[in-house]
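Asks: Input: one structure, supplied below.
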Amino acid sequence: MNYLRWLLSGLFTLLLYLPVLAQEEAVTTTGRKVLLYQDGRWEYLNASLTRSIPNLELPRTRPSERVISHTGYAFLYSEAHEQSRWVAYELTAEETQKRFERSDRFRPDPKVSSETASDADYRRSGYDRGHLAPASDMGWSEQAMEESFYYSNISPQEPSFNRGIWKRLEEQVRQWAIENEAIYVVTGPVLTDQLPNIGSNKVSIPEYFYKALLHYRNGKPKAIAFLMPNAASKEPITSFAISIDSLEEVTGLDFFHALPDDQENRLEQTVCLPCWTAGKSAPEKEEIKERSTSGVSTQCQGVTRAGNRCRNNTRNESGYCHVHEGQREGANPANNSIQQDANTYQQPESSGASVQCSGTTKKGARCRRMTRNPNGRCFQH
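When the letters of the sequence shown are read in order and numbered with our numbering, they come out as residues 1387 to 1767.
So, in structure tokens, the structure goes:
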């Protein structure tokens, strides 16, 4: 009898505490996974595990700016330039598996109330209708593929650029999405005042294009950016790698601002090329390895708009990275890309004609980049 009383007492105690032991998973606003207990207690499930943050790919916008979303990407449209200031999306490994072919049906974007560019603007202009979010990144959905041909996702690009190094960068981004399960992509033109334009809608012709990339899974986040002139180049894509901070200086945009401050500061101030290829098989793995291990790399001597020393590393003999090359002694002031306000930076004055750079590479060959700078030199020379 005493044994039965003891057993019932123990069972009652267990039932009393069962609600306290019950738990469920949740994710905080900063993307960390936690366990919630019914008695109000909570704890981090794994402090080293980073999780998705809603809309992490979207740059910071002003209250007056309207972000428009399609099936595969979101964008901020610039009516003044008749193209998007940026296009942002998450690209997963699964989404790199193409299920639908290109539609090649370019058309105005019905979601842009002020109307976009049209076929007539590009006809006989000499420029390609260059995708910002590549059609090949949207092959996972028929609708996403069709929407990638909206003119809100198109910018005028030199044919040799669009079909050359820009395409190589797009292919590398897809490879990184496969290797890293998923990455966030922000891409667009650098839009400034007084750019040349095409068509009756005066579609601006950007001199530079960029991509900002972020991997934020498996507790090992990393970020990198690329800034490329709208011109042919046979250089490896890694030649155009810069930090997110440097890209923000050039574009006036605030990328990945939803990250916790300590992570944002750490990720955006450095360029870690090996971080993106270690142990992987990427199209330009050997180029990245060579660049990261050969020669002497030093911190750029340039000064940012905020008055801080640039955190980019460079092997340029001048001691300045390509973003701050114009700050070196004796440089043409027109090449100083850091002279900008909060939203834009001053582009070198365009001569209208694109010519091959007269600079010389380290191997003694003539630079193959094209430039419109009046001094005949590209941004690296």
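Using N, Cα and C, we set each Cβ at its ideal position, and we do this for glycine too.
Determine which residues share a DSSP beta bridge with THR1624 and list them.
Replies: In DSSP, THR1624 forms no bridge with anything.
Asks: Is it true that the CB of LEU1477 sits closer than 8 Å to the CB of VAL1572?
Replies: Not a contact, by the Cβ cut-off of 8 Å.
Asks: Going by the CB atoms, is the gap between PRO1592 and SER1541 shorter than 8 Å?
Replies: The answer is yes: Cβ separation under 8 Å.
Asks: Around the Cβ of PRO1449, are there at least 16 other Cβ atoms within 10 angstroms (buried) or fewer (exposed)?
Replies: Result: exposed.
Asks: Grouping DSSP H, G and I as helix and E and B as strand, with all else coil, what is GLN1469?
Replies: Three-state DSSP puts GLN1469 in a strand.
Asks: Touch check for the region 1468 to 1482 and the region 1493 to 1511: three-plus C-beta pairs under 8 Å?
Replies: Output reads yes: the region 1493 to 1511 touches the region 1468 to 1482.
Asks: Report back the beta-carbon spacing between ILE1623 and ILE1564 to the nearest angstrom; my notes put them in contact at under 8 Å.
Replies: Rounded, the Cβ-Cβ distance is 17 Å, inconsistent with contact.
Asks: Apart from the five residues just before and just after ARG1485, which ones in its own chain have a Cβ nearer than 7 Å to its Cβ?
Replies: Result list for ARG1485: GLY1525, TRP1526, in chain order.
Asks: To the nearest angstrom, how far is the alpha carbon of GLY1574 from that of PRO1607?
Replies: Taking the straight line joining both Cα atoms gives about 22 Å.
Asks: At the level of alpha carbons, what is the spacing between LYS1588 and ASN1604?
Replies: Approximately 45 Å between the Cα atoms of the pair.
Asks: Tell me the DSSP secondary structure of ARG1493 in three-state form.
Replies: Of the three classes helix, strand and coil, the one that applies to ARG1493 here is strand, per DSSP.
Asks: Using a Cβ-Cβ cutoff of less than 6 Å, which residues in the same chain neighbour ARG1488 once the five nearest sequence positions on both sides are dropped?
Replies: Cβ neighbours of ARG1488 beyond the five flanking positions: ALA1521.
Asks: I need the straight-line Cα distance from THR1457 to GLY1705, nearest angstrom please.
Replies: Roughly 44 Å between the two C-alpha positions.
Asks: For SER1541, name the three-state secondary structure that DSSP assigns.
Replies: Of the three classes helix, strand and coil, the one that applies to SER1541 here is strand, per DSSP.
Asks: Along the chain, where does the alpha helix (DSSP H) containing TYR1508 start, and where does it finish?
Replies: Looking at the DSSP string, the run of the alpha helix (DSSP H) that includes TYR1508 is 1505 to 1508.
Asks: In terms of alpha-carbon separation, which member of GLY1688, VAL1709, GLY1585 lies closest to GLY1512?
Replies: Closest by alpha carbon: GLY1585.
Asks: Taking the continuous alpha helix (DSSP H) assigned at THR1573, which residues delimit it?
Replies: Counting along the chain, THR1573 falls outside any alpha helix (DSSP H), though it belongs to the beta strand (DSSP E) covering 1568 to 1575.
Asks: Taking the straight line between their C-alpha atoms, what separation do you get for TYR1602 and PHE1461?
Replies: Spanning the two alpha carbons is a distance of roughly 21 Å.
Asks: Determine the direct distance from the alpha carbon of THR1482 to that of GLU1528, and round the result to whole angstroms.
Replies: C-alpha separation (whole angstroms): 13 Å.
Asks: Measuring only the C-alpha atoms, how far is VAL1498 from PHE1535?
Replies: When rounded, the distance between both Cα atoms is 14 Å.
Asks: Assuming ASN1613 contacts TYR1596 under a Cβ cut-off of 8 Å, what Cβ separation, rounded to an integer in Å, is found between them?
Replies: Just to set this straight, residue 1613 is Leu in the shown sequence, not Asn. Right, their Cβ atoms sit about 5 Å apart.
Asks: Just to confirm the assignment, what range does the alpha helix (DSSP H) spanning ILE1564 have?
Replies: From DSSP, the alpha helix (DSSP H) with ILE1564 extends over 1551 to 1565.
Asks: LEU1567 to GLU1443, Cα distance in whole Å?
Replies: Checking the sequence shown, residue 1567 turns out to be Glu, not Leu. Approximately 16 Å, taken between the alpha carbons.
Asks: Going by DSSP in three states, VAL1636 sits in which element: helix, strand or coil?
Replies: In the structure shown, VAL1636 sits in a helix (DSSP, three-state: H, G or I).
Asks: I'd like to know whether the C-beta atoms of ALA1611 and ALA1598 end up nearer to each other than 8 Å.
Replies: For ALA1611 and ALA1598, yes; Cβs fall inside 8 Å.
Asks: With 16 other CB atoms within 10 Å as the buried threshold, where does PRO1615 fall?
Replies: Burial call: buried.
Asks: Taking all protein chains shown into account, do 16 or more other C-beta atoms lie within 10 angstroms of the C-beta of ASN1698, making it buried, or fewer, making it exposed?
Replies: The residue in question, ASN1698, is buried, as its Cβ has 16 or more Cβ neighbours within 10 Å.
Asks: Measuring alpha carbon to alpha carbon, tell me which of ASN1651, ASP1523, SER1538 ends up nearest VAL1453.
Replies: Ranking ASN1651, ASP1523, SER1538 by Cα distance to VAL1453 puts SER1538 first.
Asks: ARG1603 lies in the beta strand (DSSP E); which residues open and close that run?
Replies: Premise fails: ARG1603 is in no beta strand (DSSP E) and is neither H nor E.
Asks: Measuring straight from C-alpha to C-alpha, what distance separates ASN1651 and VAL1473?
Replies: Rounded to the nearest angstrom, the two C-alpha atoms are 23 Å apart.
Asks: Excluding sequence positions up to five away, which residues of its chain have a Cβ less than 7 Å from the Cβ of GLN1543?
Replies: So the list reads TYR1513, ASP1514, GLY1516, TRP1552, ASN1616, once near-sequence residues are dropped.
Asks: Name the one or two DSSP bridge partners that HIS1643 has.
Replies: DSSP output for HIS1643 lists no bridge partner at all.
Asks: By the three-class DSSP mapping on this structure, what secondary structure does LEU1599 have?
Replies: LEU1599: strand per DSSP, three-state reduction.
Asks: With DSSP as the reference, please indicate the residues paired to HIS1517 in a beta bridge.
Replies: DSSP lists ILE1540 as partners of HIS1517.
Asks: Within 10 angstroms of its Cβ, does PRO1445 collect 16 or more other Cβ (buried), or is it exposed?
Replies: Buried is the call here.
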